[in-house]
Amino acid sequence: WTSARARASLPDDAVIAELARRLAGEPRGLIVAGEGAVPADRGLAPPGWPDDPARGGTAIADLAARLGWPLLAEPTSRARQGACLVDCADGALRSEAFVAAWRPEVILRLGRAVLGRPLGALLANSGAEQVVVTTGGRWHDPPRTAAWLIDGEPDRVAAAVAARLDPPVPTGEADVAAPDEADVATNEDADVGSQEAAAWRAAWHDAGGAARAAIDARLDAGDALGEARLARDLVAALPPGAVLVAGSSRPVRDLDEYAPGRDDVTVMGNRGASGIDGLASTAMGAALGTRRPVVALAGDLSVLHDAAGLAVCGPPQPDLTLVVVDNDGGGIFAQLPPGELPAKRQQRFTTPHGVDLAAMAGAFGIPGVDVAGAGELGPALAAARAAGGLQLVRVATDRHTTAADHANLRAAAVEAVEARLAAGPR
122 WTSARARASL PDDAVIAELA RRLAGEPRGL IVAGEGAVPA DRGLAPPGWP DDPARGGTAI
182 ADLAARLGWP LLAEPTSRAR QGACLVDCAD GALRSEAFVA AWRPEVILRL GRAVLGRPLG
242 ALLANSGAEQ VVVTTGGRWH DPPRTAAWLI DGEPDRVAAA VAARLDPPVP TGEADVAAPD
302 EADVATNEDA DVGSQEAAAW RAAWHDAGGA ARAAIDARLD AGDALGEARL ARDLVAALPP
362 GAVLVAGSSR PVRDLDEYAP GRDDVTVMGN RGASGIDGLA STAMGAALGT RRPVVALAGD
422 LSVLHDAAGL AVCGPPQPDL TLVVVDNDGG GIFAQLPPGE LPAKRQQRFT TPHGVDLAAM
482 AGAFGIPGVD VAGAGELGPA LAAARAAGGL QLVRVATDRH TTAADHANLR AAAVEAVEAR
542 LAAGPR
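Residue numbers (this note's numbering): 122 to 547.
As structure tokens, this is what we get:
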């Protein structure tokens with residue numbers, strides 16, 4: 122059975138206090154942050170505008186630190202930050218041996234359902250007690266494993282719970298009531314400094330670190346700019362304060378799987394049944410509204426579906442760099458069962474377009490450049506920012522090569538994670 126507690130924005134103090142007591146008593150816990158963990162209006166204020174530090178990803182990272190729990194955060198959660206963040210969590214979760222050895226007892230899920238299959242499998246099969254916090258009464262629980270559904274803004278709930286762990290500290294959050302002394306939970310029962318809790322945290326971070334090292338070693342072996350390296354290197358090349366608009370399908374999943382977290386970059390994106398529609402327009406709106414450096418990582422079909430948005434852009438024209446992965450269609454299907462079909466039947470899924478994207482952009486007066494090697498990406502992005510306006514950077518890839526690359530990267534990550542697991546505690 123699932124117990125649902127409903128209230129807009131923030132639940133009653135009694136619910137927050139009960140949740141704090143339950144979480145504080147468990148050393149083997151995880152925080153999983155998906156899209157919506159931080160509402161869309163947070164973290165996008167134009168330069169110079171106030172932004173509440175007690176909300177957003179900072180609040181979620183603070184809760185993870187107070188609990189001593191590993192934090193698994195997707196890029197669009199806006200919570201990929203803090204010392205508890207597990208880098209390359211997807212690589213760790215692909216190891217059945219690691220998951221079997223380090224299975225959580227409690228999972229706090231913030232926001233909507235997750236992107237990656239390995240994390241989705243953990244949520245469906247772990248047997249852990251799961252608490253889901255989402256806004257507006259949305260029941261984001263596809264595996265139906267939640268024991269407790271809380272209706273509230275996840276980052277505000279995180280801030281309120283964190284205030285009840287150990288002596289509460291001032292947060293500057295005027296609308297979060299200070300708890301009574303009797304309602305303050307402590308971490309004594311969890312004994313976060315104990316050997317068990319320390320081993321739990323170290324195991325997750327060591328696994329993520331091993332996966333990261335293995336992936337980076339393979340990506341850095343040459344100058345090839347495949348889709349995995351593009352996602353990683355693009356995030357590294359963004360200036361502080363930038364906004365990254367993640368395209369649906371493979372781009373956002375590549376960011377999830379291969380890109381490190383940055384607390385000075387805000388990631389946003391469109392999700393849903395028609396997630397690829399309107400992506401360029403979304404990115405242009407982000408550039409005009411935030412007045413920050415904005416880069417979009419988009420698939421070719423997303424750009425083609427929103428070609429009309431490019432055609433009617435401006436004035437004013439946004440300062441936007443549109444990085445397009447051109448694999449001539451829906452490249453994600455090469456990594457799914459349709460990729461095993463005969464070539465002609467595959468086309469029903471991949472919908473190859475054969476369009477010269479640079480020529481299309483040129484018809485709208487949008488300058489474009491092709492990037493072939495990893496060493497060309499940084500200079501191309503810098504040149505686009507310096508030129509201003511709407512710029513297109515095209516990266517051509519082959520979907521079958523990409524599928525093989527991803528398989529090799531995942532295998533290398535699993536091998537490294539299991540080698541670290543076999544080595545035992547540090």
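Don't be surprised by glycine CBs; every beta carbon is placed ideally from N, CA and C.
| query | result |
| --- | --- |
| Ala464 burial status per 10 Å Cβ neighbour count (16 or more: buried) | exposed |
| Run of the beta strand (DSSP E) containing Trp269, from where it starts to where it stops | Ala267 to Asp272 |
| Among Leu244, Ala358 and Ala138, nearest to Ala504 - alpha-carbon criterion | Ala358 |
| Cut-off 6 Å between Cβ atoms - residues of its own chain near Leu443, not counting five sequence neighbours on either side | Ala417 and Leu513 |
| With 16 other Cβ atoms within 10 Å as the buried cut-off, status of Trp321 | buried |
| Alpha-carbon spacing of Ala404 relative to Ala186, whole angstroms | 33 Å |
| Residue from Trp325, Gly177 and Asp276 with nearest C-alpha to Arg224 | Trp325 |
| Alpha-carbon to alpha-carbon, Asp354 and Arg339 | 13 Å |
| Segments assigned beta strand (DSSP E), at least 3 residues, entirely inside the stretch 145-216 | 150-154 and 192-194 |
| Thr522 - containing alpha helix (DSSP H), residue span | Arg520 to Ala544 |
| Cα-Cα separation, Thr373 to Gly545 | According to the sequence as given, residue 373 is Val; it is not Thr. Cα to Cα, Val373 sits roughly 34 Å from Gly545. |
| Boundaries of the alpha helix (DSSP H) in which Thr411 is found, first to last residue | Leu400 to Thr411 |
| Residue environment, His261, which counts as buried when at least 16 other CB atoms sit within 10 Å | buried |
| Own chain, CB closer than 7 Å to Gly220, minus 5 neighbours either side, in chain order | Here the sequence assigns Val to residue 220, which means Gly is not the residue at that position. Within the same chain, Val220 has close Cβ partners Leu214 and Leu243. |
| Sufficient close CB pairs (3 or more, under 8 Å) joining the stretch 230-237 to the stretch 415-430 | no |
| Enclosing alpha helix (DSSP H) for Ile336 [first to last residue] | Gln316 to Leu340 |
| Nearest to Leu409 (by Cα), restricted to the options Ala141, Ala323, Gln438 and Ala501 | Gln438 |
| Ala419, enclosing beta strand (DSSP E) - first and last residue | Val415 to Gly420 |
| Closer than 8 Å to chain B by CB, Thr197 | The structure shown contains no chain B; it holds only a single protein chain. |
| Short Cβ contact (8 Å threshold) for Val445 with Ala419 | yes |
| Spatial neighbours of Leu530 in its chain, beta-carbon cut-off 7 Å, leaving aside the 5 residues before and after | Ile336, Arg339 and Ala349 |
| As assigned by DSSP and simplified to three states, the class of Val492 | coil |
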